[in-house]
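So the structure is just underneath, and the comments pick up after that.
In this note's numbering, the protein residues as written are -7 to 793.
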């Protein structure tokens, strides 16, 4: 049960595409319309006057005394904001936010379109200009050379991507990007975002495919007031935005009420100035140094709800969108599902991996900085997004230079210039080939963890010719052996990801720790192999919605009678994302078995879940998730339609095929299940889950030899999934091939020595064979994993006799 649950969770995680800054993307230009009656009513002449007169415009215009809360909340545009906020607008004009997306023109395009050529995977692409347009000749969706017009630029430094529009409303990002760095830094060249692969038109990462689609992957965070407007029936987009780049209202929310407030007589003005939210967490805050330790301390405790970090996290977090109804000041989990720490994107100590875009939200929320109340704008100017001071100047705003710039702290007296604060505490990792990102965990260097768990460390980032053990000894010599730092959970996650015997206890300790960051406790909950009911109750009432979501993840796969009473209260959780996850989890209980007292709450939360999937109906993972929900709620025909829709969107999407095949199994239609799996395999022949599912279908159809062939392929294609090897071994043994089955199990145990199913099978077959020595070894290992298990202890006694 445990391994099956974790297997499903891993497959679900793999099925979720990242949302945010994508590699390539493409679609026809979005409808560029302003949704604000205020700006449209001003007119061009009045707008010019507004910009020229600055503050006086608001002072002399309109005298309405109507309360601003009666004004329709709508977007007015950054130009209107700049009329009064000229200093902020000037800073914003220089920011990357301002240039996050733009129309392709002589000013915005940085790349070489002077008949430049680039070779990749057998295709020679050409960038050129004609009739005032920027064009690229490259491989299209059919793999053939064709010419496409670049309609938009995407980003500006250290690379710039280019967007192509298609007649059905899709906008796709080219995989060939321009390196905007100076030539002496390796820039001023075309390069491919997947240089070590050979991405062709049949690959899911090709620039014309789903995973490079701007409408879903990129638009929300590169433009303002985005509405995707996907038409399910026509499979078309009419995506719109009120501002092409990241404008004032992308962070502050719609500004119409604030504009109305500025028009009112002073006596009638609202105390909140008509703002959607006040970013006032830093108002009046200082960071005096402690007299004894010289460590900075916030003059007032931080608020429980961190408005600024949550607002920035909307785009600086790896997440999926649940609703377009985002509003600044609310928890990000209200409208988005934030990715937790997992082995694909993070190291066991929480550091981000190379080439895995994790953004800064997850790293920062792990940091001592966040725990103590630091916000994004303590370090970054909120309008230019630049650091508030050059080099280490931003750090010494709070950290006393006399202590932290000393040789005693830096320990590099003979190095000129000495290492900077970020070089030790914010190591860089690479994304999209040339984009170097600082890890915002603000951790102390821990080369000793590198020795134990293989995590990276900033010491060896520089001293690449030295082993981690050498760096660990140097740090211990300088600072002593008890240099733990703030992040102390590497052992627990390493144990979980290596299936160690003590993973349960270590993860439970992290969950129960009041010092562990919320996102870490949530991630530990999601990894728990056997969640404790009391631990889950406490987690489900935690004030942090991420912890509550982690607790719900921990319940996945357990029998419904074990988790309904625990999870049902979250159907009325104040945060939408928690309600949605609860409804998804509880959907495994048919309506007829739901407690009457909870049915209305379930119905309401389920409607929110369905709405979230329909918002993303252009994605096969959302259609599959909706299919799973409907299948659990006894809607077989509707579930089948959703799975088929997912496969129309992406014929290689294995979760849809596997789940549709399982639905056919329940309906007694294994023939249809076999057909759908074979069709999907024709597009994704190296997918282990498809071979495994097909093997199970063939077992049920009593085609043993074919079944074993498919199960073998699954085990060989994905040795990281012990379940595949276990099932293959069971099939071999059932066919009278016990020794072959044992060989498969032993090979799997080399990589997964603590997998209980595999150990149990190896124990049983070894006993059957009469190999008591091997059986005893497996039994003793199981005993270490399940201490106090009477049955295993009795078996060990028998084997020793």
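No residue lacks a Cβ here, since even glycine has one placed at the ideal position from N, Cα and C.
- Here residue 90 is near residue 237, since their CB atoms are less than 8 Å apart.
- By alpha-carbon distance to residue 629, the top candidate from 658, 647, 604, 611 is 658.
- DSSP places residue 200 in the coil class of the three-state scheme, outside both helix and strand.
- In this model, residue 614 and residue 608 are separated by some 6 Å (Cα to Cα).
- Relative to the Cα of residue 271, the nearest Cα in the group 599, 256, 245 belongs to 245.
- In the displayed model, residue 520 falls within coil according to three-state DSSP, outside both helix and strand.
- Fewer than three pairs of CB atoms, one per stretch, sit closer than 8 Å, so the region 400 to 410 makes no contact with the region 126 to 135.
- Within a 10 Å sphere around the beta-carbon of residue 323 sit 16 or more other beta-carbons, which makes this residue buried.
- Residue environment for residue 175: exposed (fewer than 16 other C-beta atoms within 10 angstroms of its C-beta).
- Between residue 225 and residue 115, the alpha-carbon positions lie close to 35 Å from each other.
- When Cβ pairs closer than 8 Å are counted between the two stretches, the region 209 to 221 is seen to touch the region 310 to 329, the count reaching three or more.
- Minimum Cα-Cα distance from residue 637 among the listed residues 612, 620, 80 corresponds to 612.
- Residue 64 and residue 248 have their C-alpha atoms some 7 Å from each other.
- In the DSSP assignment, residue 471 falls within the alpha helix (DSSP H) that extends over 460 to 471.
- Secondary structure at residue 570: helix, using DSSP grouped into helix, strand and coil.
- At least 8 Å separates the beta-carbon of residue 351 from that of residue 298.
- The C-beta of residue 84 has 16 or more other C-beta atoms within 10 Å across all chains shown, which makes the residue buried.
- Secondary structure within the region 584 to 661: the alpha helix (DSSP H) runs of 4 or more consecutive residues, fully enclosed, are 591 to 607, 612 to 624, 628 to 641, 646 to 658 (chain order).
- Secondary structure in the region 136 to 185: the beta strand (DSSP E) runs of 3 residues or longer, each lying completely within the stretch, are 137 to 146, 151 to 157, 163 to 165, 168 to 171, 181 to 184 in chain order.
- Cβ atoms of residue 488 and residue 499 come within 8 Å of each other, at about 6 Å.
- Burial check for residue 470: the Cβ neighbour count within 10 Å stays below 16, so the residue is exposed.
- With respect to the 8 Å criterion, residue 412 and residue 370 are not classified as neighbours on the basis of their beta carbons.
- Around the beta carbon of residue 742, fewer than 16 other beta carbons lie within 10 angstroms, which makes this residue exposed.
- Residue 281 and residue 507 have their C-alpha atoms some 22 Å from each other.
- Boundaries of the beta strand (DSSP E) harbouring residue 115: 115 to 122, taken from the DSSP string.
- Residue 312 carries a strand assignment under DSSP once its states are collapsed to helix, strand and coil.
- When DSSP states are grouped into helix, strand and coil, residue 208 belongs to the helix group.
- According to DSSP, residue 111 shares a beta bridge with 116.
- Bridge partners of residue 423 according to DSSP: 427.
- Here residue 251 is buried: its Cβ has 16 or more other Cβ atoms, across all protein chains shown, within 10 Å.
- In this structure, the straight-line span from the alpha carbon of residue 782 to that of residue 448 is close to 42 Å.
- For residue 767, DSSP assigns no beta-bridge partner whatsoever.
- For residue 329, no alpha helix (DSSP H) run applies; the uninterrupted beta strand (DSSP E) run containing it begins and ends at 328 to 330, by DSSP.
- Boundaries of the beta strand (DSSP E) around residue 126: 125 to 131.
- A straight line joining the alpha-carbon of residue 353 with that of residue 275 spans about 22 Å.
- Partner residues in the beta bridge of residue 222, as assigned by DSSP, are 229.
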